[in-house]
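S.K.: The sequence shown begins at 14 in the numbering used here and counts up by one.
Each residue gets a CB set at the ideal place from its N, CA and C atoms; glycine is no exception.
Quick one: the structure is below, and I'll ask about it shortly.
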Amino acid sequence: MNKNISIIINGKSVEALVEPRTSLADFLRDKQRLTGTKLACEHGVCGACTVLINGAPGRACITFAATLDGAKIQTIEGFENDDVMEVVRNAFHTEHGLQCGFCTAGMLITARDIVTRFPNADEQTIRTELSGNLCRCTGYMGIVKAVQKVLEEMPAKERVRNPVIPKNPTQTFPFKTFQPKSSTQTNTSSKRMTAKRVSEKDVDGWIRLTDRFIVARNRDETWRLFSDFARMASCMPGASLTKADGDQLEGQVRIAFGPIRASFKGNATVQRDDKNYEGVIAGGGNDSSSGSRAKGQVTYQLLGGNSGENTIVNLTLEFQLQGALAQFSRVGLIQEFSARLISSFAKNLSDEIEGRRKENGDKTELRVSGLVWSVLAARLKALWLKISGIGSSNRSRS
């Protein structure tokens, strides 16, 4: 069912009737004749279609126009009177940051985003931030130099709008004070887990997800499973532990995300507090094929249930992506993907400790690639219900 939307494009109000499957890129190019937004991969990977969606860079090729009612869109044509973009354009010209020009519109918008978020940025930071925009011509040297030129010549107070606060690197991973909310649940079955999940993205680029679930075993028995890192790793889709030496772990995580496949190999350090039933696993890894890097931290705490026969598990996942996969964390899909991953881990963990996983085998293990489709299916279903009005009509009848 088609939907009427009202959006602001380059400062002008636009009302239109769009099909549910129409992408923002097609809408801009075919309906609004704003052809500066280019289409290339149409998978959200190359960055040629990058535009600003409510002030943040987004992929127009994988964003449905029907979901943007009330949004503010700015395409490359909308920066004519933008002081920062003028300096960026001149720097690209001076430093030979373009050749064929096909990637230039998206590259300029991303470059402007960098200089408006970072008061200062070294070459490594610039390359990391540009990693979601592909260029087949320049070799990136001219593009990087153009961004450096803007950072050096334009005062930060004239260009920085949303500054990034870098996360201070640490050599150790101390326990964080945890303030759990009181639970009044009486159900001891892990089949009905509490879904108190929170997802947020900090200004420093770290994504944080929290989840809580119940295991129908006492806390000591559950804690013993959390001490067996090989069994824990087997509960995480795509993860495997290759070496465990005291508090030092080595392993890998295989991920299939859209057209990108990655296999992160890395190390992690474990800290445990047996007295308080708390633990932290922190580390990082690299994927040589995509050039992506990831670092993260998992914090877990086990609380005794009301009856003493079950255990409440509080789980927090914090991570940061760099490289080719970093682009997905800008549009929210990776948050949903990671949330589904945590939910699958929680179910597998409950089945493992209760002995059901050995009986069911592969039925309780989800492949990582399947999680992507479940996220997309859930999004499409929610979009269809929203457009068709089924959700609102059901609420009105109730």
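#1: Answer with buried or exposed for D233, where buried requires no fewer than 16 other C-beta atoms within 10 angstroms of its C-beta.
#2: T123 and T76 look like a contact to me (Cβ under 8 Å); what is the Cβ gap, rounded to whole Å?
#3: Assign A307 to buried or exposed, taking buried as 16 or more other Cβ atoms, counted over all protein chains shown, within 10 Å of its Cβ.
#4: In whole angstroms, give me the CA-to-CA distance for L330 and V58.
#5: Could you give the residue range of the beta strand (DSSP E) that holds S247?
#6: Based on Cα-Cα distance, which residue from C148, S26, L315 lies nearest to L238?
#7: Report yes or no: do three or more beta-carbon pairs, one from the region 23 to 38 and one from the region 74 to 89, lie closer than 8 Å?
#8: Quick one: grab the DSSP three-state call for D135.
#9: Taking the beta carbon of S305 as the centre, do at least 16 other beta carbons fall within 10 Å, making it buried, or is it exposed?
#10: Who are P70's beta bridge partners in DSSP?
#11: Using a 10 Å radius around the Cβ and a threshold of 16 neighbouring Cβ atoms, would you call T107 buried or exposed?
#12: Since L328 contacts D224 with CB under 8 Å, what's their CB separation in whole angstroms?
#13: As a quick exercise: from E142, E99, C150, K85, pick the residue whose alpha carbon is nearest that of Q112.
#14: So, with DSSP's three-state summary, where would you put K457?
#15: How many angstroms separate the CA atom of V128 from the CA atom of E367?
#16: Helix, strand or coil: how does DSSP classify V277 here?
#17: Ignore the nearest five residues each way along the sequence and tell me which others in K209's own chain have a CB closer than 6 Å to its CB.
#18: Since T88 and N23 should fall inside the 8 Å C-beta cutoff, what is the C-beta to C-beta distance between them, to a whole number of angstroms?
#19: Using beta-carbon positions only, say whether K278 and G264 come within less than 9 Å of one another.
#20: Should S240 and A246 be called a contact, given that it needs their Cβ atoms to be closer than 9 Å?
#21: Taking the continuous alpha helix (DSSP H) assigned at L164, which residues delimit it?
#22: Put G309 into one of helix, strand or coil per three-state DSSP.
#23: Between which residues of its own chain and L30 is the CB-CB distance below 6 Å, once the five residues before and five after are set aside?
#24: Taking all protein chains shown into account, decide if S302 is buried (16 or more other Cβ within 10 angstroms of its Cβ) or exposed.
#25: Given that a residue counts as buried once 16 or more other Cβ atoms are within 10 Å of its Cβ, and exposed if not, what is V19?
#26: Use the C-beta contact count for P187: other C-beta atoms within 10 angstroms, 16 or more gives buried, fewer gives exposed.
#27: Which residues does DSSP pair with L147 in a beta bridge?
#28: What is the rounded straight-line gap between the Cα of I86 and the Cα of A118?
#29: Tell me which same chain residues have a C-beta within less than 6 Å of the C-beta of E28, skipping the five on either side of it?
#30: So K25 packs on A104, CB below 8 Å; how close in whole Å?
#31: With 16 as the cutoff for other CB atoms within 10 Å, does D260 come out buried or exposed?
#32: Report all residues from its chain with a CB closer than 6 Å to the CB of Q335; omit the five preceding and five following residues, and keep chain order.
#33: Where does P179 sit, in a helix, a strand or coil, going by DSSP?
#34: Might you give, ordered along the chain, the residues of its own chain that have their beta carbon closer than 6 Å to the beta carbon of T207, omitting 5 neighbours on each side?
M.R.: In terms of the structure at hand:
#1: exposed
#2: 16 Å between Cβ atoms; not a contact.
#3: buried
#4: 25 Å
#5: Going by DSSP, S247 is part of no beta strand (DSSP E) but of the alpha helix (DSSP H) stretching over 242 to 247.
#6: L315
#7: yes
#8: coil
#9: buried
#10: L65
#11: exposed
#12: 5 Å
#13: That would be C150, whose Cα lies nearest to the Cα of Q112.
#14: Since the first and last residues shown for the chain are 14 and 411, residue 457 lies out of range.
#15: CA-to-CA, the gap between V128 and E367 works out to about 52 Å.
#16: Val is not the amino acid found at residue 277; the sequence shown has Phe there. The answer is strand: DSSP assigns F277 an E or B state.
#17: With a pLDDT of 39 at K209, under the threshold of 50, the predicted position of this residue should be treated as unreliable, though the coordinate-derived value follows. Hits under 6 Å: R225.
#18: 6 Å
#19: Yes. Within cutoff.
#20: It is not a contact, given that the beta carbons lie outside the stated cut-off.
#21: In the DSSP annotation of this structure, the continuous segment of the alpha helix (DSSP H) that includes L164 starts and ends at 154 to 166.
#22: strand
#23: Within the same chain, and ignoring the five residues on either side of L30 in sequence, the residues whose Cβ sits closer than 6 Å to its Cβ are N15, N17.
#24: exposed
#25: Sequence check: residue 19 is Ser here, not Val. Classification for S19: exposed.
#26: With a pLDDT of 46 at P187, under the threshold of 50, the modelled position of this residue cannot be trusted; read the value that follows with caution. The residue in question, P187, is exposed, as its Cβ has fewer than 16 Cβ neighbours within 10 Å.
#27: None; L147 has no bridge partner.
#28: Computed Cα separation, rounded: 14 Å.
#29: S19
#30: Not confirmed; about 28 Å, so no contact.
#31: Burial call: exposed.
#32: T141, R306
#33: Reliability of the predicted coordinates at P179 is poor, the pLDDT of 47 falling under 50, and no value is obtained from them.
#34: Summary for T207: the model assigns pLDDT 35, below 50, so the residue's position carries little reliability; its value from the coordinates is reported in the next sentence. Correct list, in chain order: R225.
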